[in-house]
Ligand SMILES: Cc1cc2nc3c(=O)[nH]c(=O)nc-3n(C[C@H](O)[C@H](O)[C@H](O)COP(=O)(O)OP(=O)(O)OC[C@H]3O[C@@H](n4cnc5c(N)ncnc54)[C@H](O)[C@@H]3O)c2cc1C
Ligand SMILES: Cc1ncc(C[n+]2csc(CCOP(=O)(O)OP(=O)(O)O)c2C)c(N)n1
Ligand SMILES: [Mg+2]
């Protein structure tokens, strides 16, 4: 099953490679991994999307917790959460296709950031499903370049992952 | 007090109560070596290879429970240390390794003797630190010792760029008394509710087994384990790493379990209804085929590392905590109640156990023509009154010590279980002997293993460590040969040890005493002779039966109840 794990870790050089190294060394799967500092500059936040059996996910969480630089983590999939990813996509847009792409972008509440005679760059934010649906709607033939940030996530309600 | 980086290190080691530092010099640590020069508080042991330094520090740590300390230079110094670091990591041994690094401004430039030590060691350390300023050095050392020795212990590397140890550059020294690390807070106390639940289950058992491991040794909880086990009168089995945590000569002890464990211990595992796992990690050498592991048992598991719990085997009552504390609480609960396992059930279980024991799975064919390796180990046990510190290398000889030298005390049996590192035995013995100069220290080895760190004979001479080396010389990588015999139709591919040195002469050229023993009748006598040489290292080259195998054995893919016994036994 797909899991989204949010990790707070010390914002120190090398901390990220410990997390990445853990996944490769133990053969865990990473679908995406995002990282950036938080409002507290001593902390970084990582969001990892992974998948595996219940046993594997349990081990991933335990092994992550064991890393000395990991301060706290939560499996967002276990609770009600909001998940967002940003995508920048460059699509071919010529003749009648230009109008069609713009219409799709509006339906998906994307934004066109760059326009040339033959292409658009579109920004779209959403969860995994929405982004995949948008790409499907655009059709594989029109895609020139796809950049996905990987998922980030946050729990609903007052409960917060913080120190 | 204003100190240079090198002096900071030495003062910090003093504060940590470090007696010995095992090391080897080189460019990146020369400033540190200069600081080591005129001081006596921390004794430096000059090994002959950095692998030796790590194993010696490791042996010291296993025997004393204190962190072993290593100092190596950058590049090849660091890479040579990796095997020893990984060895310590796999067996959860507290160690602090200081490695020199090129000057901070050259890092990343492929400078002379630069390797990414942090990157190379990352997967085989508990944690590592690249020192980023002289100011943070003392605190980093404090953290390193803290992390290495608390929770589930392990090796910690401190990589220090050379410019932070420059003699002229000094900082005020104030060694922190304590450390706070918000990201590192090992659990110490078991959850009371879980402990109560475990005790209920334990007391309702009909066919219980206590399966304890290295965690009891690491957590200094032998006393508690022994009390707990005696209170219950349940059969006790130990892993290879746990031997000595419960007295092996106690009738309640049913031997080691696992691949080369006893028939009774493994049958007990298979048939038990409640398994009490204490400080053990369900290693594959122990469980055999997971499909048929303890098919009837409810499992209690006490471990300080949550990640050890339900990693390989799903358990019913997990308890995360320090084994001494958790056992202490369990003992209190058991003492406070009259409830006990049903007496008839327990008697039946013991009768069953005694039935399995009557197979005498460890009996072996005696011979007066060729020296039987098992007989040598039994003779060593007699010659040392069963009270020596025994290190070993890896192979058949290691298993024979585990089987034929019953350890009654913890921290006496010192071997590489998790990584299985050949070359471990001799340097480890050096470390142990330095820790306990007046104790008998034995290194049991094979003719193949000993050659992997033989150079440490020189170190042993320099520091006068009178280790007794028992080489079971079968002219084979016996363990490899055994597998080839069983699984590769006796195609002994590259397991024969040809062109062996004359170990007697070799030892003598290192300035020690060498003996070759070829006749079974000479075994006891020559051991007496060797052990009488209290202040000499003696290398005893026992020419043993070439094709002896380690029995019993669980072969790959088999369960505990499918042990292979010695051939003649199976017919009987
Ligand atoms: C050739 C060869 C053959 C082998 N054959 C066998 C065999 O037949 N049988 C066998 O048993 N082994 C065998 N081994 C060894 C095996 O590979 C493992 O090293 C061993 O089984 C692990 O022992 P353990 O489970 O006690 O764990 P250890 O590696 O000793 O781990 C200790 C466990 O205790 C926990 N712990 C540490 N400190 C504490 C504390 N204070 N409180 C609570 N928990 C703590 C740790 O988190 C860890 O989970 C063999 C090795 C070799 C090289
Ligand atoms: C460094 C290293 N290389 C290879 C092995 C694989 N291995 C395990 S036992 C063994 C043979 C050991 O031979 P010896 O030391 O003579 O001991 P014996 O089994 O004959 O008692 C080998 C090669 C290992 N454990 N460690
Ligand atoms: Mg051999």
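Residue numbers (this note's numbering), protein chains in the order written: chain A, 592 to 754; chain B, 969 to 1540.
Here a beta-carbon is modelled for each residue, glycine too, at the ideal position from N, C-alpha and C.
Because the structure is a prediction, the values reported are computed rather than measured.
(message) Please report the distance separating the alpha-carbon of residue 1539 of chain B from that of residue 1532 of chain B.
(response) Here residue 1539 of chain B corresponds to residue number 571 of the second chain, with the count starting at 1. Here residue 1532 of chain B corresponds to residue number 564 of the second chain, with the count starting at 1. Low confidence applies to residue 1539 of chain B: its pLDDT is 46, below 50, so where it sits in the model is not reliable enough to give any reading.
(message) Going by the DSSP bridge assignment, what does residue 1271 of chain B pair with across the sheet?
(response) In the second chain, residue 1271 of chain B corresponds to position 303, counting from 1. In the DSSP output, where bridge partners are listed per residue, residue 1271 of chain B has B:1288.
(request) Leaving out five residues on either side along the sequence, give the residues of the same chain with a beta carbon under 6 Å from the beta carbon of residue 1209 of chain B. (result) Taking the first residue of the second chain as 1, we reach residue 1209 of chain B at position 241. Only 1181, 1182, 1385 meet the Cβ criterion.
(message) Measuring only the C-alpha atoms, how far is residue 1288 of chain B from residue 1158 of chain B?
(response) Along the second chain, read from residue 1 onward, the residue named residue 1288 of chain B stands at position 320. Along the second chain, read from residue 1 onward, the residue named residue 1158 of chain B stands at position 190. Across the structure, residue 1288 of chain B and residue 1158 of chain B are spaced so that their CA atoms are roughly 5 Å apart.
(request) Give a yes or no on whether the minimum CB-CB distance between residue 657 of chain A and chain B is below 7 Å. (result) Start at 1 with the first residue of the first chain, and residue 657 of chain A comes out as number 66. Judged by the 7 Å Cβ criterion, residue 657 of chain A is in contact with chain B.
(request) Indicate the three-state DSSP secondary structure (helix, strand or coil) for residue 664 of chain A in the structure shown. (result) Residue 664 of chain A sits at position 73 when you count from the first residue of the first chain. It is a strand residue.
(request) Return the chain-ordered list of same chain residues with a C-beta closer than 6 Å to the C-beta of residue 606 of chain A, the five sequence neighbours on each side being excluded. (result) As a first step, residue 606 of chain A must be located in the first chain, where it is residue number 15. Excluding sequence neighbours, residue 606 of chain A sits near 600, 660.
(message) Along the segment 1445-1474 of chain B, where does the CB come closer than 9 Å to a CB of chain A? Name the residues.
(response) none
(request) Show which residues of chain A have a CB atom less than 7 Å away from the CB atom of residue 1322 of chain B. (result) Numbered from its first residue, the second chain carries residue 1322 of chain B at position 354. Correct list: empty, because the minimum Cβ distance to chain A is about 38 Å.
(request) Answer with yes or no whether the minimum CB distance from residue 662 of chain A to chain B is below 7 Å. (result) Within the first chain, numbered from 1, the residue matching residue 662 of chain A stands at position 71. Interface residue, yes.
(request) Compute the beta-carbon to beta-carbon distance between residue 1220 of chain B and residue 1203 of chain B, rounded to the nearest angstrom, for a pair I have assumed lies under 8 Å. (result) Your numbering for residue 1220 of chain B matches position 252 in the second chain. Your numbering for residue 1203 of chain B matches position 235 in the second chain. Indeed, because the Cβ distance is near 7 Å, the residues count as touching under 8 Å.
(request) Find out if the Cβ-Cβ distance for the pair residue 967 of chain B, residue 1010 of chain B is shorter than 7 Å. (result) Past the edges of chain B, shown from 969 to 1540, lies residue 967 of chain B, and the structure says nothing about it.
(request) Spatial neighbours of residue 1526 of chain B within its chain, please: CB distance less than 7 Å, with the 5 preceding and 5 following residues excluded, ordered by chain position. (result) Position 558 of the second chain, counted from the first residue, corresponds to residue 1526 of chain B. These residues qualify, in order along the chain: 1256, 1257.
(message) Against chain B, which members of the segment 607-626 of chain A pass a CB distance test of less than 8 Å?
(response) 608, 609, 612, 616
(request) Flag residue 1290 of chain B as yes when its Cβ comes closer than 6 Å to any non-hydrogen atom of ligand 1, and as no otherwise. (result) Taking the first residue of the second chain as 1, we reach residue 1290 of chain B at position 322. At least one heavy atom of ligand 1 is nearer than 6 Å to the Cβ of residue 1290 of chain B, so yes.
(message) Quick test of your reading: residue 647 of chain A and residue 622 of chain A, contact by CB under 8 Å. State the CB separation rounded to the nearest angstrom.
(response) As a position in the first chain, residue 647 of chain A is number 56, starting the count at 1. As a position in the first chain, residue 622 of chain A is number 31, starting the count at 1. Not quite, the Cβ-Cβ distance comes to about 13 Å (not below 8 Å), so this is no contact.
(request) Kindly indicate if chain B contains any beta-carbon less than 7 Å away from that of residue 720 of chain A. (result) Residue 720 of chain A sits at position 129 when you count from the first residue of the first chain. So no, residue 720 of chain A is outside the interface.
(request) Would you tell me roughly how many angstroms separate the C-alpha atoms of residue 1113 of chain B and residue 616 of chain A, rounded to the nearest one? (result) Residue numbering aside, residue 1113 of chain B sits at position 145 when the second chain is read from its first letter. Residue numbering aside, residue 616 of chain A sits at position 25 when the first chain is read from its first letter. Their Cα atoms are separated by approximately 25 Å.
(request) Using alpha carbons as the reference points, say which of B:1214, B:1033, B:999, B:1052 lies closest to residue 1023 of chain B. (result) Within the second chain, numbered from 1, the residue matching residue 1023 of chain B stands at position 55. Closest by alpha carbon: B:1052.
(request) Compute the Euclidean distance between the alpha carbons of residue 1027 of chain B and residue 1189 of chain B, then round it to the nearest angstrom. (result) The residue given as residue 1027 of chain B occupies position 59 in the second chain. The residue given as residue 1189 of chain B occupies position 221 in the second chain. Approximately 19 Å between the Cα atoms of the pair.
(message) Once DSSP output is grouped into helix, strand and coil, what is the label at residue 716 of chain A?
(response) What you label residue 716 of chain A is simply residue 125 of the first chain in a count that begins at 1. In the structure shown, residue 716 of chain A sits in a strand (DSSP, three-state: E or B).
(request) Reducing DSSP to helix, strand and coil, say where residue 1443 of chain B ends up. (result) In the second chain, counting from the first residue as 1, residue 1443 of chain B sits at position 475. Residue 1443 of chain B falls in the coil class under three-state DSSP.
(message) Can you pull out the residues from the segment 1363-1387 of chain B whose beta carbon lies closer than 7 Å to at least one beta carbon of chain A?
(response) none
(message) What would DSSP say about residue 1428 of chain B, mapped onto helix, strand or coil?
(response) Position 460 of the second chain, counted from the first residue, corresponds to residue 1428 of chain B. Residue state, collapsed to three classes: helix.
(message) Helix, strand or coil for residue 609 of chain A? Go by DSSP, reduced to three states.
(response) The residue labelled residue 609 of chain A in the question sits at position 18 within the first chain. Correct three-state label for residue 609 of chain A: helix.
(request) Answer yes or no: the CB of residue 1385 of chain B versus the heavy atoms of ligand 2, is any distance below 6 Å? (result) Position 417 of the second chain, counting from 1, holds the residue named residue 1385 of chain B. Residue 1385 of chain B Cβ: outside cutoff for every heavy atom of ligand 2.
(request) Name, please, each residue of chain B whose Cβ falls closer than 7 Å to the Cβ of residue 601 of chain A. (result) Counted from its first residue, the first chain places residue 601 of chain A at position 10. 1151, listed in chain order.
(request) Just confirm the distance between the C-beta atoms of residue 1075 of chain B and residue 1129 of chain B, as a whole number of angstroms; I'd bet it's less than 8 Å. (result) Within the second chain, residue 1075 of chain B is the residue found at index 107, counting from 1. Within the second chain, residue 1129 of chain B is the residue found at index 161, counting from 1. About 7 Å separates the two Cβ atoms, so the contact holds.
(request) Confirm the yes/no value for this check: CB of residue 1059 of chain B, any heavy atom of ligand 1, distance under 6 Å. (result) As a position in the second chain, residue 1059 of chain B is number 91, starting the count at 1. Yes - ligand 1 has a heavy atom lying nearer than 6 Å to the Cβ of residue 1059 of chain B.
(message) Any heavy atom of ligand 2 inside 6 Å of the beta-carbon of residue 1048 of chain B?
(response) Start at 1 with the first residue of the second chain, and residue 1048 of chain B comes out as number 80. No; taking the cut-off as 6 Å, the Cβ of residue 1048 of chain B has no heavy atom of ligand 2 nearer than that.
(request) Ignore the nearest five residues each way along the sequence and tell me which others in residue 1292 of chain B's own chain have a CB closer than 7 Å to its CB. (result) Start at 1 with the first residue of the second chain, and residue 1292 of chain B comes out as number 324. Answer for residue 1292 of chain B: 1187, 1188, 1189, 1192, listed in chain order.
(request) Could you tell me which residues DSSP pairs with residue 1005 of chain B in its beta bridges? (result) Along the second chain, one-based indexing puts residue 1005 of chain B at 37. According to DSSP, residue 1005 of chain B bridges with nothing at all.
(request) Report yes if the CB atom of residue 974 of chain B is closer than 7 Å to the CB atom of residue 1003 of chain B, and no otherwise. (result) For the purposes of this step, residue 974 of chain B is taken as the residue at position 6 of the second chain. For the purposes of this step, residue 1003 of chain B is taken as the residue at position 35 of the second chain. For residue 974 of chain B and residue 1003 of chain B, yes; Cβs fall inside 7 Å.
(message) Considering only their Cβ atoms, is the gap separating residue 1375 of chain B from residue 1495 of chain B smaller than 7 Å?
(response) Translated into positions along the second chain, residue 1495 of chain B becomes position 527. Translated into positions along the second chain, residue 1375 of chain B becomes position 407. Not a contact, by the Cβ cut-off of 7 Å.
(message) Run through chain D and tell me which residues come within less than 9 Å of residue 1098 of chain B, C-beta to C-beta.
(response) Checking the listed chains, one finds no chain D in this structure; the protein chains it contains are A and B.
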